Structures are given as C-alpha cells and as structure tokens.
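Trainee:
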Amino acid sequence: DTGSAAAVPINEVDIAYVTPVTVGTPPQTLMLDLDTGSSDLWVFSSLTPSSQVRGQEIYSPAKSSTSKLLSGHTWSIRYGDGSGSRGTVYTDNFTIGGLEVESQAVQTAQEVSSSFTQEQSLDGLVGLGFSTLNTVRPSSQLTFFDNARPKLDEEVFTADLKYHATGSYDFGFIDRAKYTGNITYTPVQQSPGYWTHSLSGYAVGSGAFQSTQIQGISDTGTTLLYLPTAIVTAYYRQVQGAQNSQYYGGYVFPCSSTLPTFTFGIEGARFTIPASYINYTRISPTSSTCYGGLQSSSGLGINIFGDVALKAAFVVFSGTNPPRIGFGTK
Ligand SMILES: O=C(NNC1=NCCC1)c1ccc(Br)cc1
Numbered sequence: 040d041t042g043s044a045a046a047v048p049i050n051e052v053d054i055a056y057v058t059p060v061t062v063g064t065p066p067q068t069l070m071l072d073l074d075t076g077s078s079d080l081w082v083f084s085s086l087t088p089s090s091q092v093r094g095q096e097i098y099s100p101a102k103s104s105t106s107k108l109l110s111g112h113t114w115s116i117r118y119g120d121g122s123g124s125r126g127t128v129y130t131d132n133f134t135i136g137g138l139e140v141e142s143q144a145v146q147t148a149q150e151v152s153s154s155f156t157q158e159q160s161l162d163g164l165v166g167l168g169f170s171t172l173n174t175v176r177p178s179s180q181l182t183f184f185d186n187a188r189p190k191l192d193e194e195v196f197t198a199d200l201k202y203h204a205t206g207s208y209d210f211g212f213i214d215r216a217k218y219t220g221n222i223t224y225t226p227v228q229q230s231p232g233y234w235t236h237s238l239s240g241y242a243v244g245s246g247a248f249q250s251t252q253i254q255g256i257s258d259t260g261t262t263l264l265y266l267p268t269a270i271v272t273a274y275y276r277q278v279q280g281a282q283n284s285q286y287y288g289g290y291v292f293p294c295s296s297t298l299p300t301f302t303f304g305i306e307g308a309r310f311t312i313p314a315s316y317i318n319y320t321r322i323s324p325t326s327s328t329c330y331g332g333l334q335s336s337s338g339l340g341i342n343i344f345g346d347v348a349l350k351a352a353f354v355v356f357s358g359t360n361p362p363r364i365g366f367g368t369k
C-alpha cells in the first residue's frame with residue numbers, strides 16, 4: 040500500500056504545515072502537523088475543555104463506531120518550544136492520504152497549552168519520530184508509520200515541504216517526479232528516538248564550503264534551522280545591520296537586507312537554502328526589522344534541521360534496518 044497527502048502551510052510565514060487525516064467511522068477529518076521530532080499522535084477532542092478550543096476541529100470518539108478506550112492509559116508531552124498537551128487514549132481507524140491503519144492509538148487531549156489553543160488551524164500532531172519517544176503509559180504506543188510499515192510497498196515516508204506553498208507527504212514510495220538526480224543517503228542514529236544524522240558541512244553565500252560534521256535532528260515539527268553559534272555568527276556577519284537581540288531572542292536584521300544563501304552538505308551532495316527562506320518574518324506586522332530563519336542552537340543542546348532547511352530538499356525518511364535519511368534536489 041501507499042499514501043499521499045498535502046502539507047499545507049498554516050500561515051503566511053510557514054510556521055507549521057498541516058495535513059488532512061481521517062479518524063473513526065464515519066470518518067472525521069482533522070488537519071494535523073506531521074512531526075518527525077516527536078512520536079505521539081494526539082488530537083483536539085470532545086474531551087478538550089471548550090475554553091482551550093478556538094476554532095480547531097475535534098475528534099469525538101463517542102461518534103465513531105470503531106473507537107475503543109485504551110483503558111487506564113494516559114499521556115503527557117512537552118515540546119522543544121515549551122508547548123505541551125496531555126490526556127487519555129483511544130484506538131480507532133486512522134487514514135492519511137488513502138493509507139489506513141486500523142486501531143491506531145489516537146491520544147485525545149484533555150489539556151493543551153495556550154500556543155496550541157491559539158493555533159486555530161492545527162488540530163493536533165502525528166508524531167513520526169521513533170516509537171521509543173511515545174509518552175503513553177503504562178504501555179507506550181506505536182506511531183502511524185510503525186503501524187503502517189507491514190503494509191507499505193517500501194519502508195519509507197517522504198517530506199516535500201514548500202516555501203509559501205502546499206507540498207506533500209508520501210508513505211510507502213519515493214515519487215521520482217518530486218526530485219531530480221539521485222537521493223543521497225546518510226546514516227541515522229535512532230537513539231533516543233529522533234531522526235539524528237550529520238551534515239557534512241556548510242557554506243555561507245558564495246563562500247568556500249566548510250567540511251565539518253554537524254550532528255542534529257531533521258524535524259518537520261520545528262519551524263527554523265538551529266545551528267552552532269560559530270556558523271550562525273559567520274552567516275550574519277555578511278548582513279549589514281544584523282544583530283543578536285536579547286529582546287527578540289535571536290538574530291534580527293533590517294527587512295530590506297540582502298541576505299546570503301546558506302548551503303548544507305549531505306555526504307557529497309549540496310543543498311542551498313535561498314535567502315528568502317532565511318528572511319523569515321517581520322518582528323511585528325508594521326516593523327521593518329526582520330527575524331532570521333537561521334538561529335543559534337546553543338541554548339538547545341542539539342542542532343535542529345527544521346522546516347527552513349527541509350523545504351530546500353526532497354527528504355526520504357527510511358525505516359529500513361538500519362534506518363537512514365536521504366536528501367534529493369528539487
Ligand atoms: O518539539 C520538537 N519538535 N516538534 C515540535 N515542536 C513544536 C511542536 C512540535 C523538538 C524535538 C526535539 C528537539 Br531537540 C527540539 C524540538
């Protein structure tokens with residue numbers, strides 16, 4: 040089997056992408072954020088306090104003839120940006136892009152943090168990290184990808200995220216029409232559960248490529264690209280008026296700046312992030328100061344190859360043994 044579904048940016052700066060999924064019988068459609076940086080599948084639900092729901096679609100297990108309570112099981116998750124949610128668990132039929140998993144663990148939120156309440160076009164998340172990260176207790180649950188694996192034509196899913204446009208997620212096949220040339224693969228270290236791998240180096244604009252191993256995680260659920268301070272300062276040194284603002288919590292610069300491109304390596308292959316992806320957003324709607332899509336990872340303890348980097352490539356997440364990740368030019 041295979042599946043294919045849209046990845047739709049939820050606002051004009053691509054802060055996150057959502058994908059239509061269906062849960063239950065008859066199918067209830069929700070728009071979920073497919074997130075390779077976590078491994079819980081949770082949804083706004085009939086159990087979410089109405090004070091915490093602002094425009095989201097909700098899953099009502101009582102309206103599904105195939106829902107079953109996973110008795111005595113709860114979950115609680117905290118994301119890297121400080122957001123979080125918690126609740127109870129049902130199993131039900133779950134479909135993405137025509138690919139169905141029967142009795143998928145669907146984690147129903149009984150509490151969500153304010154940043155989820157405020158994101159009215161995001162109805163929950165589908166974790167696509169390794170199942171070891173799942174927070175359901177007393178027994179942890181499998182991700183949609185792990186459940187779908189036995190029926191997939193190929194043990195892969197792919198992400199084709201786009202700048203200010205709708206892209207796609209595919210399951211079980213690699214669509215040759217979505218990239219040119221070959222996919223370059225590199226090993227993944229799956230502990231503690233992220234898609235952890237290394238870049239082979241980087242270049243700022245037309246500068247020389249610096250060959251240096253940079254370990255981090257490819258995370259579709261993180262908006263920006265977070266790299267070591269030395270690399271980030273070298274980048275913004277090329278931007279007149281750029282500064283690392285304590286007030287705004289990162290590098291800002293005049294929106295009129297001409298930014299350099301940023302190139303990263305995967306083994307021998309090179310992927311260039313256009314300057315426009317790094318001119319991320321105005322710090323407020325009427326400001327002429329802009330916030331960068333490339334920021335320092337020094338506070339995080341790990342480098343994160345978020346959407347700003349991933350949307351510059353066609354990315355293959357391969358669940359083979361051993362797992363690997365592949366990047367193709369598009
Ligand atoms: O939470 C993480 N990724 N996904 C999401 N962020 C916000 C909502 C979903 C995340 C994972 C690992 C590290 Br290290 C930093 C961040």
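For any residue, its number in this note's numbering is found by taking its place in the sequence shown, counting from 1, and adding 39. By construction, the Cβ of each residue, glycine as well, lies at the ideal position given by its N, Cα and C atoms. In this text the structure is predicted, and so the values were computed from the model without any measurement.
Are Gly331 and Ile317 closer than 7 Å when you measure CB to CB?
Mentor: Taking 7 Å as the Cβ cut-off, Gly331 and Ile317 qualify as a contacting pair.
Trainee: Residues in its own chain within less than 6 Å of Thr171 by CB, not counting five upstream and five downstream?
Mentor: Excluding positions up to five away in sequence, the list reads Gly232.
Trainee: Which same chain residues, not among the five before or five after Thr251, have their C-beta less than 7 Å away from its C-beta?
Mentor: Here the set comprises Gly240.
Trainee: Heavy atom of ligand 1 less than 6 Å from the Cβ of Tyr118, yes or no?
Mentor: Tyr118 Cβ: within cutoff of ligand 1.
Trainee: When every heavy atom of ligand 1 is checked, does at least one fall within less than 6 Å of the C-beta of Gly166?
Mentor: No, Cβ of Gly166 sits at least 6 Å from all heavy atoms of ligand 1.
Trainee: Is the beta carbon of Gly63 within less than 6 Å of some heavy atom of ligand 1?
Mentor: The answer is no for Gly63.
Trainee: Pull the bridge partners of Ile256 from the DSSP assignment, please.
Mentor: Thr235 and Ile343.
Trainee: Quick one: grab the DSSP three-state call for Ala351.
Mentor: Coil at Ala351, not helix or strand.
Trainee: Using only CA atoms, which one of Arg309, Ala198 and Thr300 lies nearest to Gly260?
Mentor: Of Arg309, Ala198 and Thr300, the residue nearest in Cα terms is Ala198.
Trainee: Ligand 1 and Asp214: does any heavy atom of the ligand fall closer than 6 Å to the residue's C-beta?
Mentor: Not so, every heavy atom of ligand 1 lies at least 6 Å from the Cβ.
Trainee: If we require 4 or more residues per run, which alpha helix (DSSP H) segments fall completely within the stretch 151 to 233?
Mentor: Entirely contained in the stretch 151 to 233, the alpha helix (DSSP H) runs reaching 4 residues are, in chain order, 153 to 157 and 183 to 187.
Trainee: On a CA-only basis, which of Leu71, Gly123, Trp114 and Thr64 is nearest Pro100? Give me that one, please.
Mentor: Per the Cα distances, Thr64.
Trainee: Less than 7 Å separating the beta-carbons of Ile116 and Thr182?
Mentor: In this structure, Thr182 does not lie closer than 7 Å to Ile116 by Cβ.
Trainee: Who are the near neighbours of Ile135 in its chain, counting only those whose CB is closer than 7 Å to its CB and skipping five residues on each side?
Mentor: If we look at Ile135 and ignore the five residues flanking it on each side, its Cβ neighbours are Gly42, Ala44, Thr58, Val60, Phe183 and Phe210.
Trainee: I'd like the span of the beta strand (DSSP E) that includes Thr302, first residue to last.
Mentor: From DSSP, the beta strand (DSSP E) with Thr302 extends over Phe301 to Ile305.
Trainee: State the start and end residues of the unbroken beta strand (DSSP E) segment that holds Ala44.
Mentor: Gly42 to Pro48 is the extent of the beta strand (DSSP E) around Ala44.
Trainee: Identify which residue in Ser284, Lys190 and Phe310 has its Cα closest to the Cα of Val243.
Mentor: Ranking Ser284, Lys190 and Phe310 by Cα distance to Val243 puts Phe310 first.
Trainee: How far does the alpha helix (DSSP H) with Tyr274 in it reach, from first residue to last?
Mentor: Taken as a continuous stretch (DSSP letters only), the alpha helix (DSSP H) holding Tyr274 covers Thr268 to Tyr275.
Trainee: Quick one: what does DSSP say Gln143 is sitting in, helix, strand or coil?
Mentor: Reduced to three states, the DSSP call for Gln143 is strand.
Trainee: Going by other Cβ atoms of all chains shown within 10 Å of its Cβ, with 16 needed for buried, is Ser357 buried or exposed?
Mentor: Ser357 comes out buried.
Trainee: With DSSP collapsed to three states, give me the class of Ala55.
Mentor: Correct three-state label for Ala55: coil.
Trainee: Going by beta-carbon coordinates alone, are Val47 and Thr205 separated by less than 7 Å?
Mentor: Taking 7 Å as the Cβ cut-off, Val47 and Thr205 qualify as a contacting pair.
Trainee: Can you find at least 3 beta carbon pairs, one from the stretch 220 to 231 and one from the stretch 357 to 367, that sit closer than 8 Å?
Mentor: With a cut-off of 8 Å, the stretch 357 to 367 and the stretch 220 to 231 count as touching, because enough Cβ pairs lie within range.
Trainee: For the alpha helix (DSSP H) that contains Ala308, what are its first and last residues?
Mentor: Careful: Ala308 lies outside any alpha helix (DSSP H), inside the beta strand (DSSP E) at Ala308 to Ile312.
Trainee: Could you pull out every residue in the same chain whose Cβ sits closer than 7 Å to the Cβ of Lys201, ignoring the five residues on either side in sequence?
Mentor: Excluding positions up to five away in sequence, the list reads Lys350.
Trainee: Could you give the C-beta distance for Thr105 and Gly126, rounded to a whole number, given that I count them as a contact under 8 Å?
Mentor: Incorrect: roughly 19 Å between the Cβ atoms, too far for contact.
Trainee: Under DSSP, the beta strand (DSSP E) around Cys329 begins and ends at which residues?
Mentor: Unbroken beta strand (DSSP E) run through Cys329: Thr328 to Gly331.
Trainee: Given Asp192, which residues of its chain have a CB within under 8 Å of its CB, disregarding the five upstream and five downstream residues?
Mentor: Only Asp40, Thr41, Gly211 and Phe212 meet the Cβ criterion.
Trainee: Assuming contact is defined by CB atoms lying nearer than 7 Å, are Phe155 and Gly255 in contact in what I supplied?
Mentor: No; because the gap between Cβ atoms is not below 7 Å, this pair is not in contact.
Trainee: So, helix, strand or coil for Pro361, using DSSP?
Mentor: Correct three-state label for Pro361: coil.
Trainee: With 16 other CB atoms within 10 Å as the buried threshold, where does Gln143 fall?
Mentor: Buried.
Trainee: Can you tell me whether Ala101 is helix, strand or coil according to DSSP?
Mentor: Helix, per DSSP.
Trainee: Excluding the five sequence neighbours on either side, which residues of its own chain have a C-beta within less than 6 Å of the C-beta of Thr262, listed in chain order?
Mentor: Result list for Thr262: Ile54, Gly345 and Asp346, in chain order.
Trainee: Mapping the DSSP letters down to three states, classify Gln95 as helix, strand or coil.
Mentor: Coil at Gln95, not helix or strand.
Trainee: So Leu130 is in the beta strand (DSSP E); what residue range does that whole segment cover?
Mentor: The question names Leu, but residue 130 in the sequence shown is Thr. Its beta strand (DSSP E) spans residues Gly123 to Ile135.
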